[in-house]
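J.: Numbering (our numbering), first residue to last: 3 to 815.
Positions of the beta carbon are idealized from the N, C-alpha and C atoms, including for glycine.
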Amino acid sequence: MNKYEPRKTEQKWQKKWHDAGLYECNLEDKKPKYYNLVMFPYPSGDKLHIGHWYNFAPSDSWGRYMRMKGYNVLEPMGYDSFGLPAENYAIKKGVHPTVSIAENIEYMRKQLREMGPMYDYEKEVVTSSPEYYRWTQWVFLQLYKKGLAYRKNAPVNWCPSCQTVLANEQVEDGQCERCKHEVTKKDLTQWFFRIRDYAEKLLDYSGLDWPAKTILMQKNWIGRSEGSEIVFELCDKEGAKSGESVAVFTTRADTLFGATYMVLAPEHPLVLEINTKDQMENIKDYIEKARKETDIARSAEGREKTGVFTGTYAVNPVNGEVIPVWIADYVLMHYGTGAVMAVPAHDERDFDFAKKYDLPIREVIKPAGKAGAGQNKIAEQAFTDDGALVNSKGFDGMDSAEARKKITAKLEKDKKGKLVVNYKLRDWLVSRQRYWGAPIPIVYCKKCGEVPVLEENLPVLLPADVDFTPKGDGKSPLNTCESFVNTDCPKCGGKAEREVDTMDTFVDSSWYFLRYPSAKNDKEAFDKKNTKKWLPVDMYIGGPEHACMHLLYARFINMVLNDLGFIDFKEPFKRLIHQGMITKDGAKMSKTKGNVVSPDSFVEKYGSDVFRMYLMFMGPFTDGGDWNDKGITGIMRFVERFYQLITAEAAADDDKTYESTKRALHKAIKKVTGDIELFHFNTAIAALMEFLNGAVKTGLSKEDKAEAVRLIAPLAPHLAEELWETIGGKFSVFDAGWPEFEEKLLEEDTIKLIIQVNGKLRGQLEADKSESKEKIISSAKEIENVKRFIEDKELIKEIYVPGKLVSFVVKES
RNA sequence: GCCGGGGUGGCGAAAUUGGUAGACGCGCGGGACUUAAAAUCCCGUAGUAGCAAUACUGUGCGGGUUCGAUUCCCGCCCCCGGCACCA
3 MNKYEPRKTE
13 QKWQKKWHDA
23 GLYECNLEDK
33 KPKYYNLVMF
43 PYPSGDKLHI
53 GHWYNFAPSD
63 SWGRYMRMKG
73 YNVLEPMGYD
83 SFGLPAENYA
93 IKKGVHPTVS
103 IAENIEYMRK
113 QLREMGPMYD
123 YEKEVVTSSP
133 EYYRWTQWVF
143 LQLYKKGLAY
153 RKNAPVNWCP
163 SCQTVLANEQ
173 VEDGQCERCK
183 HEVTKKDLTQ
193 WFFRIRDYAE
203 KLLDYSGLDW
213 PAKTILMQKN
223 WIGRSEGSEI
233 VFELCDKEGA
243 KSGESVAVFT
253 TRADTLFGAT
263 YMVLAPEHPL
273 VLEINTKDQM
283 ENIKDYIEKA
293 RKETDIARSA
303 EGREKTGVFT
313 GTYAVNPVNG
323 EVIPVWIADY
333 VLMHYGTGAV
343 MAVPAHDERD
353 FDFAKKYDLP
363 IREVIKPAGK
373 AGAGQNKIAE
383 QAFTDDGALV
393 NSKGFDGMDS
403 AEARKKITAK
413 LEKDKKGKLV
423 VNYKLRDWLV
433 SRQRYWGAPI
443 PIVYCKKCGE
453 VPVLEENLPV
463 LLPADVDFTP
473 KGDGKSPLNT
483 CESFVNTDCP
493 KCGGKAEREV
503 DTMDTFVDSS
513 WYFLRYPSAK
523 NDKEAFDKKN
533 TKKWLPVDMY
543 IGGPEHACMH
553 LLYARFINMV
563 LNDLGFIDFK
573 EPFKRLIHQG
583 MITKDGAKMS
593 KTKGNVVSPD
603 SFVEKYGSDV
613 FRMYLMFMGP
623 FTDGGDWNDK
633 GITGIMRFVE
643 RFYQLITAEA
653 AADDDKTYES
663 TKRALHKAIK
673 KVTGDIELFH
683 FNTAIAALME
693 FLNGAVKTGL
703 SKEDKAEAVR
713 LIAPLAPHLA
723 EELWETIGGK
733 FSVFDAGWPE
743 FEEKLLEEDT
753 IKLIIQVNGK
763 LRGQLEADKS
773 ESKEKIISSA
783 KEIENVKRFI
793 EDKELIKEIY
803 VPGKLVSFVV
813 KES
């Protein structure tokens, strides 16, 4: 009896697979295509942790299953290698990102090889390589040409002490993570993509097999709301108009008569122009304070409202009433118009504010159907539901929904209002004042202004010899590299300077799935033929944390490229599945917490198959769970026992005692197939264990061994390949097809029924399949234990569910 | 606060449309093999009572619908994830 040697066997097959090029996908193959994709990793110093394996292994099992089902499977892998951690590592340790990233990728490739996935390494992409980011820059230019990339001022997190721009994740509780100095904001001119223009299109999810949860999260993120834009003219206390006006956005035009003041965001462009002299100092102070506040602090829950009066007033367009104009930071510049009409009686935030600054509260909506109710409560609490209008001349008694339309229609006649659709979604800020990213392919010419780099001159190479330590002026480190900055204008040939910001890494990852089938093509970003055949992605697997950012950006870029005619499909990912998160002692694994668990030692000890299967056996793929290695022994035993079963002498399958084993095998084929289809790998493995427990008693026939080996192949690829060879199969088991079950073998002659009395289990009955209802009921009554509970009692009802149960209902005496 | 997902043995978990709760695995207890241990194999394993047959209790808590509820409905508690002053 030979013992299974996982390490040796796995290395043997990894080499054979590689030497034979087994997993190199021939894109031209006639078989139906299947594009199986998993979100690519970031090659940071953490290497691959068990979270990656938890994600990658089932994805690979799925790809292997589809291959065995007869598909030509493309299963590529790549590295999302631009980004902040590599740059920070460089600043700290003095190792150039090019070097550290190359080392990390090399190490991760080794880890991946040991996992034994069927990745096609020939089609790898590395986003920080010029061969890749050349096309990222090309994508930028396509958006630019279409008017979908533009520049505007936007604040960045700014540490006045380090004199540097900070990413959100470098800000902790409003402080710089490095020096703990208070973080403020600084306005910089930055590049944006007009994702808002696609808000409506992005809300269409038809034809997508995505988790409902993800769609819901994206919808909430896009945040479509229908409302009205209403114009208020500004004036002084007596109502004399200044000629200026402010538009507000509201979803509650029905409450317009209840507007008792108006509020502007501190960043509103009119703020410094409209205030009266006596208020100037107060206002400047307040704006200064608001600028220092981070978004996080400004939006903290339960925060006391603050604000200042501008000294200016506005005219309510519906009734001519003169109301004061305030400034407060609870109004956000980037939502709506950056100004609101305040209706304290019917909005909680306005209510809190009005209470604090003693502003009038006027009720204009009453709960429908209860005239007068809530009259005296409005001083205590805002009523925010829809209802019937009061104190609204000309609209009294109307319900809220109708009033919103009628009031807006009236305003529209006077050109003081209109119906608008508003979105929470903001345009995508793609500028980063960082070194380690793809340079934005734009130059600035004194004569011609902003000029895009010519496509034939791509890539704009990221210079290697740059001092990327923080400089102090808030500009990208590239600004210090003269040979990079100084260039010629593509239009007039005169002197020009390059854009020194680099692109957000989400741009890199927003189109990488398009690149894999064309990875070898250096003439086009994605060639027509391969793209037409291989995209969209059939299955995309990755973490739910990407629901609102990466997945939305990828859909947006895909739609833009579709509109531009480069690709002929709207949606990039047909089917999407999220894996659950693996925690350690309940906490998210992270390098800073020091609780990252490496897969390497487990692979060394138990082998990849065991480790992979253990991760899959832990629980449902979409659930994740807390990591512990307690149960891994069980999988190790299972693998060994499975090996022994197949390598043992074959059983004679005409033997009568073998019948139940054959039946169990086909039951297992059915169950495993169904479970894999649903990504229920845990129960698929359980079904295999159950089958094994029975099969060891009789052994397996020669032909059934082949079935069993193929059945386990997607879950334990090395083991299966080894056993396939042992039993004389032709290389490779992954080209041997997927086993099919015979329905006939699963049919049973007898049925097992349970017998209940008043819903409680009292007995069991085995009957012939063709037995009549009457016969079954009468024999059920004869069961001793059933008799005990129905004897001498009034039988009210007999329930018979064919093939399942007999239930007697008796009256308790 | 809002949105989403959960709460089942000592542990990870399982349970088509309401129909034997706890499959499978870990751990634990007992036994076999062994000079011994490891490994392996066999038996047992929700709780309570009982030699047993069996009975009662049991899927976060309290109600309801039903012959029958882990599953459906109402109210509550707790945990996890996402978003958060969105006008």
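Can you check whether the CB of W212 is closer than 8 Å to the CB of L667?
T.: no
J.: Does the distance from the CB of I276 to the CB of L236 come in under 8 Å?
T.: yes
J.: Would you call the CB atoms of Y437 and E89 closer than 8 Å?
T.: A contact, by the Cβ cut-off of 8 Å.
J.: In this structure, does DSSP put K632 in helix, strand or coil?
T.: coil
J.: Hey, how far is the Cα of D490 from the Cα of C447?
T.: One C-alpha to the other measures close to 8 Å.
J.: Whole angstroms are fine: how far does the CA of P8 sit from the CA of D587?
T.: 29 Å
J.: I need the boundaries of the alpha helix (DSSP H) containing G676, first residue and last residue.
T.: 661–679
J.: Since V265 and V320 should fall inside the 8 Å C-beta cutoff, what is the C-beta to C-beta distance between them, to a whole number of angstroms?
T.: Actually they are not in contact, since the Cβ atoms of V265 and V320 sit about 18 Å apart, beyond 8 Å.
J.: With DSSP as the reference, identify every bridge partner of V803, one or two as the case may be.
T.: L807
J.: Is the beta carbon of G701 sitting closer than 8 Å to the one on E651?
T.: yes
J.: Taking a contact to mean a Cβ-Cβ separation below 8 Å, would you say T191 touches V509 in this structure?
T.: no
J.: With a CB to CB cut of under 6 Å and the five nearest residues on each side skipped, what residues in its chain are close to V605?
T.: E116, F613
J.: Restricting to Cα atoms, I'd like to know which of V317, E228, G419 is closest to E246.
T.: V317
J.: Decide if P45 is buried, meaning its Cβ has at least 16 other Cβ atoms within 10 Å, or exposed.
T.: buried
J.: Would you mind reading off the limits of the alpha helix (DSSP H) that contains Q144?
T.: 132–147
J.: According to DSSP, what are the bridge partners of D490?
T.: K497
J.: Whose CA, out of T471, W193, D570, lies closest to the CA of K95?
T.: T471
J.: Return the CA-CA distance between E547 and I584, expressed in angstroms with no decimal places.
T.: 13 Å
J.: Apart from the five residues just before and just after E457, which ones in its own chain have a Cβ nearer than 8 Å to its Cβ?
T.: W140, L143
J.: Can you list, in chain order, the residues of its chain with a C-beta nearer than 8 Å to that of N393? Leave out the 5 residues immediately preceding and following it.
T.: Cβ neighbours of N393 beyond the five flanking positions: F259, G260, R364, E365, V366.
J.: Please report how far the alpha carbon of A589 lies from the alpha carbon of A255, in whole angstroms.
T.: 46 Å
J.: Measuring alpha carbon to alpha carbon, tell me which of K813, L725, A556, A390 ends up nearest K14.
T.: L725
J.: By Cβ distance below 7 Å, which residues in the same chain neighbour A381 in space, the five residues on each side in sequence not counted?
T.: Same-chain partners within the cutoff: I363.
J.: Return the Cβ separation of V468 and P443 in integer angstroms, given the expectation that the two are a contact with Cβ distance under 8 Å.
T.: Actually they do not touch by this definition, with Cβ atoms about 18 Å apart.
J.: Measuring only the C-alpha atoms, how far is P119 from N564?
T.: Approximately 32 Å, taken between the alpha carbons.
J.: Which of helix, strand or coil does DSSP assign to T278?
T.: coil
J.: For G23, count neighbouring C-beta atoms within 10 Å of its own C-beta (all shown protein chains included) and say buried if the count is 16 or more, exposed if not.
T.: exposed
J.: In whole angstroms, what separates the C-alpha of E661 from that of L747?
T.: Annotation: E661 to L747 spans about 9 Å, alpha carbon to alpha carbon.
J.: Any idea which residues DSSP pairs V40 with across the strands?
T.: I543
J.: Are there three or more Cβ pairs, one per stretch, closer than 8 Å when the region 638–650 is compared with the region 709–725?
T.: yes
J.: Could you tell me how far apart the beta carbons of V432 and M505 are, in whole angstroms, since I believe they sit closer than 8 Å?
T.: In this structure V432 is in contact with M505, their Cβ atoms being roughly 5 Å apart against a cut-off of 8 Å.
J.: Is it buried or exposed for C27, if we count other Cβ within 10 angstroms and need 16 for buried?
T.: buried
J.: Along the chain, where does the beta strand (DSSP E) containing G245 start, and where does it finish?
T.: 243–252
J.: Quick one: measure Cβ to Cβ for G582 and G626, integer angstroms, because I've assumed they're closer than 8 Å.
T.: 2 Å
J.: May I ask which residues mark the beginning and end of the beta strand (DSSP E) holding Y263?
T.: Per DSSP, the unbroken beta strand (DSSP E) holding Y263 starts and ends at 263–266.
J.: Quick one: using the 10 Å Cβ neighbour count with 16 as the cut-off for buried, is D570 buried or exposed?
T.: exposed
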